[in-house]
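Per full-length UniProt numbering, residue 1 is the first one in the sequence shown, and the count goes up by one each step. Positions of the beta carbon are idealized from the N, C-alpha and C atoms, including for glycine. Each remark here refers to the structure printed beneath this line.
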Amino acid sequence: TNQPGAKIPGLNGNRIEIPSGMSADNPALEYLKMVDQLIVHQKVEVLETCLGCETRNKYTIKNSMGQPIYSAVEDTDCCARNICGQIRPLDLQILDNREREVIHLYRELRCQSCCCPCCLQRLEIYSPPSHLLGVVIQEWSLLAPNLSVQTPEGETLFTIEGPICTFSCCSDVDFPVYNAKNGKNIGKITKQWSGLGREAFTDADHFGVSFPLELDVNQKAMLLGALFLLDLMYFERQN
């Protein structure tokens, strides 16, 4: 068991120190108390790039200083990835640097077309093994992306709005996050431009999410889940 002040080995040899007073039982999720920004880099898969065969998505999640704090890996079968494409059913495990699962994302097979408003996207965010933190729901919209982040009881905490066109050459694409109660902008999810070669020949994207430092860690985890849903909905290459 880690003691306060212990260090957890980071990926690529980096080490992230856990300050005194932070929970030793689940330090990885508690680490979110210290951050107001997360950066997500999807890993380039050689087989996918060369052959066009959809492989399991893998990600590295970093803090604003570029230190890896989590990794994420998709758990799906080959048929679902290559037949259902970006609307495939999905389990995504988010792991700390000791390979312990700290967040679990689940999405069933659903449509995302405005022509099917009764079966739009829904992502569930869990604290393992089975504690539901909240859900991210695609709201019906004719043109622009529109998501709501809700508690398990259905209370809307945040709304996320996107541009009508989610393609942008040589620039970032922003999805502002608003407090559902007062409409105040509290952060954003950004699809970051990652270079012409990477954008043209892979679907390994870079993302960022920002939020208030004082935001509850569970709500930060929910916004991180919303980032992954946006990636799958709008930036996953069609087969």
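With 16 other CB atoms within 10 Å as the buried threshold, where does residue i fall?
| i | result |
| --- | --- |
| D231 | buried |
| K220 | buried |
| residue 267 | As shown, the chain starts at 1 and ends at 239. That puts residue 267 outside it, with no answer to give. |
| L143 | exposed |
| K62 | buried |
| C35 | Contrary to the premise, residue 35 reads as Val rather than Cys in this sequence. It counts as buried. |
Roughly how many whole angstroms lie between the Cα atoms of residue i and residue j?
| i | j | result |
| --- | --- | --- |
| residue 249 | P145 | This structure gives no information on residue 249, because the portion of the chain shown stretches from 1 to 239. |
| residue 240 | Q192 | No answer is possible for residue 240: it lies beyond the span of the chain, which begins at 1 and ends at 239. |
| S171 | K188 | 15 Å |
| H41 | F207 | 6 Å |
| Q67 | Y31 | 12 Å |
| T159 | S210 | 14 Å |
| G154 | F167 | 31 Å |
| E139 | P129 | 28 Å |
| H147 | I137 | Note that residue 147 corresponds to Leu in the displayed sequence, not to His. Rounded to whole angstroms, L147 to I137 spans 6 Å at the Cα level. |
| H131 | P89 | 20 Å |
| S64 | Q121 | 29 Å |
| I39 | F175 | 15 Å |
| T151 | R100 | 24 Å |
| residue 300 | D205 | An answer regarding residue 300 cannot be provided, because it is not within the stretch 1 to 239 covered by the chain. |
Tell me, which residues are paired with residue i by DSSP?
| i | result |
| --- | --- |
| K58 | V73 |
| E124 | Y106 and V135 |
State the CB to CB distance for the pair residue i and residue j, rounded to an integer number of angstroms; the pair is presumed to be in contact (CB under 8 Å).
| i | j | result |
| --- | --- | --- |
| R56 | V73 | 6 Å |
| L109 | G225 | Actually they are not in contact, since the Cβ atoms of L109 and G225 sit about 18 Å apart, beyond 8 Å. |
| S71 | L92 | So it is not a contact: roughly 11 Å between Cβ atoms. |
| L29 | V102 | 5 Å |
| V149 | G134 | 6 Å |
| residue 248 | M222 | As shown, the chain starts at 1 and ends at 239. That puts residue 248 outside it, with no answer to give. |
To test your reading of the DSSP string, which unbroken beta strand (DSSP E) runs of 3 or more residues are found completely within the segment 143 to 183? If we require 3 residues or more, the beta strand (DSSP E) runs fully inside the segment 143 to 183 come out as 146 to 150, 156 to 161 and 173 to 179.
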